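Going by our numbering, the first residue of the sequence shown is number 375, and it counts up by one from there.
Below is one structure, written out as structure tokens; comments come after it.
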Amino acid sequence: MLEEKYTKFEKARMIGARSLQIAMGSPIFVDADGVVDPIEIATMEYERGTIPITVKRRRGKKIKLEGEKSK
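What follows is the structure, given as structure tokens:
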């Protein structure tokens, strides 16, 4: 499961934005096994850590990106 580093508001925003992307035809990064609800699929991606969304947080005068994967 994903580390608890996001607030409930960030989590809701990430899942909501991702579910909209899925509903508009974006590729899915988990095996959905017959699940057709975009919100459920986005939640599955979040729980497995494959959701392709980052969070910008302000820390003083700097902006820090949370959730970026190093390549």
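Ideal Cβ positions, reconstructed from N, Cα and C, are used throughout, including at glycine.
In this text, all values refer to a predicted model and were calculated from it rather than measured experimentally.
Which runs of the beta strand (DSSP E) at least 3 residues long sit entirely within the region 378–421? Give them in chain order. With a minimum length of 3 residues, no continuous beta strand (DSSP E) run stays inside the region 378–421.
Bounding residues of the beta strand (DSSP E) (the contiguous stretch that carries K435): Element bounds for K435: n/a, residue is neither H nor E.
Between the CA atoms of K430 and T417 - distance to the nearest angstrom: Taken atom to atom, the span from the alpha-carbon of T417 to that of K430 is near 20 Å.
Please tell me whether F403 and T381 are closer than 8 Å, where the distance is taken between their beta carbons. A distance of 8 Å or more separates the beta carbons of F403 and T381.
When T428, R433, P412 are compared against L394, the one with the closest alpha-carbon: The candidate whose alpha carbon is nearest that of L394 is P412.
Quick one: what's got a C-beta closer than 8 Å to Y420's C-beta in the same chain, skipping five residues either side? These residues qualify, in order along the chain: L376, K385, M388, I389, R392.
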